[in-house]
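The sequence shown begins at 37 in this note's numbering and counts up one residue at a time.
All C-beta atoms in this analysis are idealised placements derived from N, C-alpha and C, irrespective of residue type, glycine included.
Predicted, not measured: the structure shown is a model, and the values here were computed from it.
Remarks on the structure that follows.
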Amino acid sequence: MGKSYKMRCKHCGAEFLHIRRGVFGVLRECDYCDSHIVTEISIRCPQCARRMNRTEEEFRSQIMAMMAWA
37 MGKSYKMRCK HCGAEFLHIR RGVFGVLREC DYCDSHIVTE ISIRCPQCAR RMNRTEEEFR
97 SQIMAMMAWA
């Protein structure tokens with residue numbers, strides 16, 4: 037199972053895809069209710085290199101679209 041997020045950086049406005057591939061025991065996210073976002077591992081903007089997921093609210097505010105697959 038994996039997820040792909042189309043994101044827009046709130047700092048510089050760059051748009052990019054962030055792809056997360058899940059492997060059992062590695063991905064700490066509920067794929068069914070989508071209630072937990074990993075904030076321990078930083079997601080950085082490829083253009084300005086600022087961290088985009090310090091909090092769950094910050095992360096969610098920068099998501100433009102999401103796709104999940106099995």
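For Glu51, DSSP records a beta bridge to Arg44.
In the DSSP assignment, Ser78 falls outside any alpha helix (DSSP H), carrying neither H nor E. At a Cβ-Cβ threshold of 8 angstroms, Ile99 and Tyr41 count as neighbours.
Shown here, Arg96 sits in a helix according to DSSP, grouped into three states. Secondary structure at Ala85: coil, using DSSP grouped into helix, strand and coil.
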